[in-house]
Structure formats: structure tokens, C-alpha cells
Amino acid sequence: MTNFTNELSNLQEKQTAEPIIQPDLSKPISEMLRHPSNISKYNQFSKYRRFLLRAPPPQTNGNEDLSDAPMDILAASTVITRDVLEFFSKLFTRLYHSSFFKVLVSTTQPAHVIALVSVLVVATIVVPSSHSPQQSSNSLPRPHPFTRFSYLCAFSLHIGSQFWMTFMSGLSLYFSLPRHAFGEVQKVLFPKYFSLNSLLSLVILVQFVRVHPLWDLYTYLQVGTLSLCFLLELLIRLYIVPPVIHLITVKTELEAAAGVGQEVGRYKLGQLIHCPHYMKLHHAFRRLHFVTALGNILTISCSAFHLHYIAINMM
1 MTNFTNELSN LQEKQTAEPI IQPDLSKPIS EMLRHPSNIS KYNQFSKYRR FLLRAPPPQT
61 NGNEDLSDAP MDILAASTVI TRDVLEFFSK LFTRLYHSSF FKVLVSTTQP AHVIALVSVL
121 VVATIVVPSS HSPQQSSNSL PRPHPFTRFS YLCAFSLHIG SQFWMTFMSG LSLYFSLPRH
181 AFGEVQKVLF PKYFSLNSLL SLVILVQFVR VHPLWDLYTY LQVGTLSLCF LLELLIRLYI
241 VPPVIHLITV KTELEAAAGV GQEVGRYKLG QLIHCPHYMK LHHAFRRLHF VTALGNILTI
301 SCSAFHLHYI AINMM
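Numbered per UniProt numbering, the sequence shown spans residues 1 to 315.
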């Protein structure tokens, strides 16, 4: 390092006495070297360039702390987001390797318990109100503003996710991505979509009952519709989505081995159409996928019916 520093000092002194002029390299080298005055310039420039290229990298002790470097709002928010995601990722990893999680996802008993508890919750909610329809609404306490806010917010998110997943994301990706890539996307989105929507449906149902303490025929219809929507989404998430994901995985492996599955917006099974094992899996997948699509259409219909109720009451 000392020799390099001394050599650099000597070269800088020479450069001060006789500045290094970069030759015009836009012309061919052979044409430039025809002029004797350019030969010394080129040799001097090449020597200085080779010297810089072999310069050693800056020496660091590895203890520099760059955390004090100034950061803008975007950089700071990115760092915070990364730390939060890393924390939850480590937390999920510990949960994933726990025995509780293995029992939860590897057996059907937890799904049965969740379904039973959900049915009991819905049955408790739909019990008729103790207030008679003839009772004046002025004698009843007004619902808290947060109750109305959470009710409308949950319904907006619910119907928005239904519209986006069904008509925007699903159709756009199916006609834009290879079928295997589309299947990988669906494996990620299906569980999250039905989990989120079932949770939002429960919030809508609970808050709707709190917002409407007086029950009439229209209220009963809405409670029944919201209960049906919640139970459909929950049962699809618990009993339909897991086998659909499993069948997508198995079908993708078989199709990749047969060299099919890269078509966009259509099915082309090739020689697999003559494979009884694959066709059995294919028909099972189509049945479950049809049940999922039908259930999703029914839940969208429930949301549209409830949206009509909200529009009428706004008038």
C-alpha cells in the first residue's frame, strides 16, 4: 500500500508538470498513431489508465456504521417495512415448525371445530332482537359511529375484493399468463381471498345487527343473506381450497413432465388425455373448481343484494 501511494504521488507530480491529455479515441488507433505527436500522448494516457485500473480497493476495517447516514422518508419507510416483515416472518417460521401448527393444517379436526363454532356464532346472531318492531327507535340507543364505520368499511373491502378477484385479477391473469404460472398465482391467492372475505363477512354480519336493533322482514332477509355469504366463504376456505391447491400441485408436476401447460388462455393436454390417472385428477379438479366458482358467484350475489338494501336505505 505504501509503494502504491508513493507511485501515485510521483505520477501526480508529473501530471502537474505535464498534464495528461486524453487522446481522441473516436478515431481508429492505427490512424491516430500515424502522427508522432500523438504517440507520446497515447502512451502517457495508457500508462495512467493502467495504473488506475490496478489500484487496490479502499481498505475498511468492517466496523463502519452507516446507520447515521441521512435517509429520506422513502428509504426510512423501506427500512421499517423490512424490519416489520422480517419480524413476522421469523414469528411465522417458529409457528410453522410447531406441533400445534402441524396438527392444525395436517388434520381435518380443526376445520370441523371452526365450522361448528361459526355456525353457533351465526345462530346466536340471528336470534330475533328483544325489541319489538313497534317500539320507537327514539327509545333505543344510537349505534356508535365506529360501529357504522367498521360496518361500511368491511362491506366496501368485501365487495371490492370480490369484484377485483373475479373480474379483474382472475380473467386478466388467465388470458395473460401461461397456465402453470396462473396456477401458481391461484395457489397463493385462493387461501388469502377466502380467508379475508370470510372474516369481512363476519364483521359485516355482526355490525349490521348492531346497527339495526329493530328487526323487520327486510332485516331478517339481510341477516339471512349475510349469514349465507359468511358460511359459504368459510366452508369453501376450510374444505374446498386445500384439495384444490393439492390437485393444482399434482397436475402441474405431471403436465411439466409431459411438456404441456405453457399455453395461455386455453387447455392443451396433449398425450395426457390418454392417461387414466391424470384424467381422474383433472376431472376431480374441475369439479372442485366448479364448486368454488359457484360459491363465489353466490357470495357476489349476496353482496349485490345487500348493496341494494344499503342504497334503498340511503334514499
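Note that CB positions come from ideal geometry on N, CA and C, so glycine has one too.
Alpha carbons only, please: which of the options is nearest the one belonging to residue i?
{"i": "I248", "options": "R237, V185 and I236", "result": "V185"}
{"i": "A181", "options": "L235, V209, Y218 and K251", "result": "K251"}
{"i": "V223", "options": "S303, A76 and L238", "result": "S303"}
{"i": "I297", "options": "A76, F167, V122 and F155", "result": "F167"}
{"i": "E255", "options": "I245, L238 and Y278", "result": "Y278"}
{"i": "Q271", "options": "A257, F208 and F88", "result": "A257"}
{"i": "A284", "options": "H246, H274, E253 and H308", "result": "H246"}
{"i": "G170", "options": "Y96, V121 and A293", "result": "A293"}
{"i": "L307", "options": "I80, Y96 and S156", "result": "S156"}
{"i": "L120", "options": "L202, H282 and G295", "result": "L202"}
{"i": "L281", "options": "G295, E253, G160 and I80", "result": "E253"}
Have a look at residue i and residue j and give me their C-alpha separation to the nearest angstrom.
{"i": "C153", "j": "F92", "result": "28 Å"}
{"i": "L116", "j": "L231", "result": "11 Å"}
{"i": "Y218", "j": "N313", "result": "11 Å"}
{"i": "I125", "j": "S118", "result": "11 Å"}
{"i": "C229", "j": "K187", "result": "22 Å"}
{"i": "S150", "j": "I114", "result": "23 Å"}
{"i": "A75", "j": "F88", "result": "20 Å"}
{"i": "L85", "j": "G183", "result": "26 Å"}
{"i": "K268", "j": "P276", "result": "16 Å"}
{"i": "S99", "j": "K90", "result": "16 Å"}
{"i": "H97", "j": "S172", "result": "36 Å"}
{"i": "I80", "j": "L238", "result": "34 Å"}
{"i": "Y220", "j": "R94", "result": "44 Å"}
{"i": "T78", "j": "D72", "result": "10 Å"}
{"i": "R286", "j": "G259", "result": "21 Å"}
{"i": "G295", "j": "G160", "result": "17 Å"}
{"i": "F208", "j": "R142", "result": "13 Å"}
Suppose contacts are defined by Cβ-Cβ distances below 7 Å. Is residue i in contact with residue j by that definition?
{"i": "P243", "j": "L199", "result": "no"}
{"i": "F190", "j": "I236", "result": "no"}
{"i": "V291", "j": "I240", "result": "yes"}
{"i": "N197", "j": "H158", "result": "yes"}
{"i": "Q162", "j": "I300", "result": "yes"}
{"i": "L226", "j": "I204", "result": "yes"}
{"i": "T147", "j": "R210", "result": "yes"}
Keeping to the same chain, check which residues put their C-beta closer than 7 Å to that of residue i; ignore five residues upstream and five downstream.
{"i": "G265", "result": "Y174 and F175"}
{"i": "F305", "result": "T225"}
Sorted by chain position, which residues of the same chain lie with C-beta nearer than 8 Å to residue i's C-beta, five sequence neighbours on each side aside?
{"i": "P133", "result": "The predicted model places P133 with a pLDDT of 49, which falls under 50 and marks its position as unreliable; any figure quoted below should be read in that light. Hits under 8 Å: L214, W215 and D216."}
{"i": "P178", "result": "G261, Q262, E263 and V264"}
{"i": "I273", "result": "M279"}
Leaving aside the five residues before and after residue i along the sequence, list all residues of the same chain whose C-beta is less than 6 Å from its C-beta, in chain order.
{"i": "M165", "result": "Y193"}
{"i": "V122", "result": "S227"}
For the ligand SAM, I want to know if residue i counts as a neighbour, meaning its beta carbon is within less than 6 Å of at least one of the ligand's heavy atoms.
{"i": "L226", "result": "What this structure holds is no ligand at all, so the ligand SAM is not there to describe."}
Of all Cβ atoms in chain C, is any one closer than 7 Å to the Cβ of residue i?
{"i": "V117", "result": "As a matter of chain content, chain C is missing from the structure shown, which is built from one protein chain."}
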